[in-house]
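Peer 1: Okay, handing you the structure first.
Number of protein chains: 2
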Amino acid sequence: DESERPPPVVRYRMNNVTTTSDPIGNRETILILTPLARFYQGYWDNLLQLSYPHELISLGFIIPKNWEGNTATSQLQERIKKTQSGPQKKRFASITILRQDTEIPLQSQSEAERHKMQNQKARRAAMSKARNSLLFTTIGPTTSWVLWLDSDVVESPPTLIQDLASHNKPVIVPNCYQRYYNNDKKAMDVRPYDYNSWVDSTIAQSLAEKMGDDDILLEGYPEMATYRSLMAYMFEENGDPTKEVQLDGVGGTALLVKADVHRDGAMFPAFAFYHLIETEGFAKMASRLGWTSFGLPNYLVSHHLIGKICSIQN
Amino acid sequence: DESERPPPVVRYRMNNVTTTSDPIGNRETILILTPLARFYQGYWDNLLQLSYPHELISLGFIIPKNWEGNTATSQLQERIKKTQSGPQKKRFASITILRQDTEIPLQSQSEAERHKMQNQKARRAAMSKARNSLLFTTIGPTTSWVLWLDSDVVESPPTLIQDLASHNKPVIVPNCYQRYYNNDKKAMDVRPYDYNSWVDSTIAQSLAEKMGDDDILLEGYPEMATYRSLMAYMFEENGDPTKEVQLDGVGGTALLVKADVHRDGAMFPAFAFYHLIETEGFAKMASRLGWTSFGLPNYLVSHHLIGKICSIQN
Ligand SMILES: Nc1nc2c(ncn2[C@@H]2O[C@H](COP(=O)(O)OP(=O)(O)O)[C@@H](O)[C@H]2O)c(=O)[nH]1
Ligand SMILES: Nc1nc2c(ncn2[C@@H]2O[C@H](COP(=O)(O)OP(=O)(O)O)[C@@H](O)[C@H]2O)c(=O)[nH]1
Ligand SMILES: [Mn+2]
Ligand SMILES: [Mn+2]
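Here the protein sequences come in this chain order: R and W. The numbering used here numbers the first residue of the first sequence as 41 and each following residue consecutively. The numbering used here numbers the first residue of the second sequence as 41 and each following residue consecutively.
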């Protein structure tokens, strides 16, 4: 009788949970976390082609509770059903879908609108809370790694997880690019997309010093030139994909974190934290907890091309 | 065949998880979290006598991996075994025990040694990380409340959870006292124990302003008089136990938190956060996320009496 069985007691020795440069060899579990406003088939296809053993991968999604979110949830659930009843090798260990209880401002707006400077703080504060809710409720005692992966990352090497983990860094971020049609070259081309991975500058720091307590520095806006070194611009054609750069801010489009960094308390500040917010604030918080962030300027993942002209930052 | 079954997909609508002043009526689940260095029978007895439905209570412990921790783990597991195979009504919903992977400085030392000012920062930073590990790995999507309860809290009203929850506050803390033998009165008496629940003062704030980035303010040390209003001193004999005071810092001996406050990202900073750390830093972080903390100066819980003379602060 179920009701008579003593409820479960689970014991974990946290030093048995390793996080190494050989995660497959050590059977390390990874949690892939995706805040998801819109479903992209390209995202799902890319996820399925990851060669990291799927039985070691758990997935977590947080989806807004509005109409668009309902659509995205149905689309996602349809794909999940198919995958989880398909070939054993492709199935994931477990999947959690959270429907958000709060509305995120501006999420239904266009990319240009979303990226407007005055809209960024409220939006990124809300995104921080969504990421934290997802993180706090899905990370478990046996999680070794957390891979943050935006729902519009549609292309990455199949070995993404192994490649990033092989660096054995607390926090590591690839360079997020966008494919587009270059009208001058009359050919497809790539351009930088994520401006949140950077090395700090003295100019940015002195800008920060003059700011009010609640003000945040934002990257990619000409009216607030920070002179930070952006990883987006460190890409070299045919450059070594294993080249590392130590970073002070990171973006979240694709971001691998040792679970212990989060377990120590590193989350996504929804408030100005050293005048930083969300993923950039996360890097600062990790650093206050003694963990260093790194970027791979020549290791690319691709962001979906939305509409025709995409980034106001170009 | 187990291996053929599609792995579970779990969907949660977070707005279905309520956190109200009538938690029993609404069948709200609570997670009781205890960092535990030493096992006290009084703690376990007190836990068992809580009248909140045990089937709505999950327990989480984090225990150091040293010799003392091994002993505490055995003692705890023995009690758990008895309780979880005893009367259905007394059994808890689930229990998680984490064995820490890092050593906490000074935890095996005497109370006097632990409370020395220069030892506090390292100790409380390590305690913060232990609390965060426990929190991040046990809080789930269906958790409504988190009750932080130190392992040396040996006495509380059976209605502790209902009483605290009835205030319907994001963060609420009772007043933690210690029973002792008063030699002057030749009788048992009570004295304040927890100095971490306070209302801020302008003096403390100007002390903080002059401090280095990494320095922290500590309460209860004559050499650093903060002139904060300590809840410990607001206790009135026969005072109204429902009286509320808004607080800027909180202690963690017993502390009820709406799970959404944590899910938004409020954790225990292991670094100087506005010159605060651990539970006091938590209150500040909650406030930066828009959540206010309250204390109940006339609602008492009791801290174990260790040794003969206990608090260097008296
Ligand atoms: N849960 C949730 N996710 C969102 C919301 N808005 C955006 N996202 C997701 O968060 C990630 C980053 O958002 P996106 O709009 O692509 O940001 P940008 O590329 O930096 O402009 C993507 O995976 C989005 O699908 C929201 O309101 N709620
Ligand atoms: N996991 C863990 N818990 C600890 C450690 N040291 C103390 N604790 C627990 O943390 C709580 C607060 O510690 P305690 O020594 O009572 O602090 P104090 O009463 O403020 O001096 C109690 O529940 C302790 O059992 C440690 O090293 N690891
Ligand atoms: Mn995007
Ligand atoms: Mn104690």
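Don't be surprised by glycine CBs; every beta carbon is placed ideally from N, CA and C. Everything numeric in this text was worked out from a predicted model, so none of it was measured.
For W:P232, write down the residues that DSSP places opposite it in a beta bridge.
Peer 2: Beta-bridge pairing links W:P232 to W:Y217.
Peer 1: Beta-carbon distances below 6 Å to any heavy atom of ligand 4 define the shell here; list its residues in chain order, please.
Peer 2: Cβ-based neighbours of ligand 4 within the cut-off: W:D190, W:D192, W:H343.
Peer 1: Compare the C-beta of R:V49 with all C-beta atoms of chain W and state if any pair is closer than 8 Å.
Peer 2: Taking Cβ atoms only, chain W reaches closer than 8 Å to R:V49, which makes this a yes.
Peer 1: Which bits of chain R does W:F311 rub up against, with CB to CB less than 7 Å?
Peer 2: Within 7 Å Cβ-Cβ: R328, L329.
Peer 1: Which residues in the same chain as R:L90 place their Cβ atom closer than 7 Å to its Cβ, once the five residues preceding and following it in sequence are excluded?
Peer 2: These residues qualify, in order along the chain: P198, L200, I201.
Peer 1: Look at the Cβ atom of W:V341, then the Cβ atom of W:P214, and state whether they are nearer than 8 Å.
Peer 2: Against a cut-off of 8 Å, the Cβ pair of W:P214 and W:V341 comes out as a contact.
Peer 1: Would you kindly work out how many angstroms separate the C-alpha atoms of R:S241 and R:D288, rounded to a whole number?
Peer 2: If I take the Cα positions, the gap works out to 10 Å.
Peer 1: On the three-state DSSP scale, how would you describe W:W331?
Peer 2: Coil.
Peer 1: Tell me where the beta strand (DSSP E) around R:K298 begins and ends.
Peer 2: Where R:K298 is concerned, the enclosing beta strand (DSSP E) stretches over 294-298.
Peer 1: Please list, in chain order, the chain R residues whose beta carbon lies closer than 9 Å to that of W:M54.
Peer 2: Chain R residues near W:M54: I102, K105, L138, R139, Q140, D141, T142, S173, T177.
Peer 1: Which residues mark the beginning and the end of the alpha helix (DSSP H) in which R:L115 is found?
Peer 2: Note on residue identity: the sequence assigns Gln, not Leu, to residue 115 of chain R. Here the alpha helix (DSSP H) through R:Q115 covers 107-124.
Peer 1: Run through DSSP, which three-state label would R:P210 get?
Peer 2: Here R:P210 sits in coil by DSSP.
Peer 1: Should W:I102 be counted as a contact of ligand 2 given a C-beta to heavy atom distance under 7 Å?
Peer 2: Yes, since a heavy atom of ligand 2 falls inside the 7 Å radius drawn around the Cβ of W:I102.
Peer 1: State yes or no: is the C-beta of R:V301 within less than 8 Å of the C-beta of R:P210?
Peer 2: Result yes, Cβ atoms of R:V301 and R:P210 sit closer than 8 Å.
Peer 1: Using C-beta distances below 7 Å, list every residue in its chain close to R:A205, excluding the 5 sequence neighbours before and after it, in chain order.
Peer 2: Correct list, in chain order: S61, P63, W185, L296.
Peer 1: In the DSSP output, what is W:T183 paired with across the bridge?
Peer 2: The partner list for W:T183 (beta bridge, DSSP) reads W:T69.
Peer 1: Measure the alpha-carbon distance for W:E95 versus W:R131 and round it to whole angstroms.
Peer 2: So the two alpha carbons sit approximately 7 Å from each other.
Peer 1: Using CA atoms only, rank isn't needed, just tell me which of R:E259, R:S327, R:Y314, R:G260 is closest to R:D432.
Peer 2: What is shown of chain R runs 41 to 354, which leaves residue 432 of chain R out entirely.
Peer 1: Interface residues of chain W around R:I120 at Cβ under 7 Å?
Peer 2: Neighbours of R:I120 on chain W, chain order: V49.
Peer 1: Per DSSP, which one or two residues make a beta bridge with R:G100?
Peer 2: R:G100 pairs with R:L73, R:T136.
Peer 1: Strictly below 9 Å CB to CB, what residues from chain W border R:P210?
Peer 2: Under the 9 Å cutoff, chain W gives no residues; its nearest Cβ is about 14 Å from R:P210.
Peer 1: Just to make sure I have the definition right: I need the residues of chain W whose C-beta is within less than 8 Å of the C-beta of R:H302. Which are they?
Peer 2: Within 8 Å Cβ-Cβ: F176.
Peer 1: Is any heavy atom in ligand 2 found nearer than 7 Å to the beta carbon of W:P232?
Peer 2: It does not: the Cβ of W:P232 is nowhere closer than 7 Å to a heavy atom of ligand 2.
Peer 1: For the beta strand (DSSP E) that R:R163 lies in, which residues bound it at each end?
Peer 2: Unbroken run through R:R163 is the alpha helix (DSSP H), 157-178; no beta strand (DSSP E).
Peer 1: Classify R:G289 as helix, strand or coil using the three-state DSSP reduction.
Peer 2: In this structure, R:G289 counts as strand in the three-state DSSP scheme.
Peer 1: Name the one or two DSSP bridge partners that W:N338 has.
Peer 2: W:N338 is not bridged to any residue.
Peer 1: Check whether chain W comes within 8 Å of R:G289, counting only Cβ atoms and requiring the distance to be less than that.
Peer 2: It does not: the Cβ of R:G289 has no partner Cβ on chain W nearer than 8 Å.
Peer 1: Since R:M307 meets chain W, which of its residues come closer than 8 Å, beta carbon to beta carbon?
Peer 2: Chain W residues near R:M307: G305, M307.
Peer 1: Between the segment 327-335 of chain W and the segment 272-286 of chain W, do at least 3 Cβ pairs fall closer than 8 Å?
Peer 2: With the cut-off at 8 Å, the segment 327-335 of chain W and the segment 272-286 of chain W touch.
Peer 1: For the beta strand (DSSP E) containing R:Y83, list its first residue and its last residue.
Peer 2: Where R:Y83 is concerned, there is no enclosing beta strand (DSSP E), although the alpha helix (DSSP H) it sits in stretches over 81-88.
Peer 1: Rounding to the nearest angstrom, what Cα-Cα distance links W:R219 and W:S168 in this structure?
Peer 2: Distance between the alpha carbons of W:R219 and W:S168: 27 Å.
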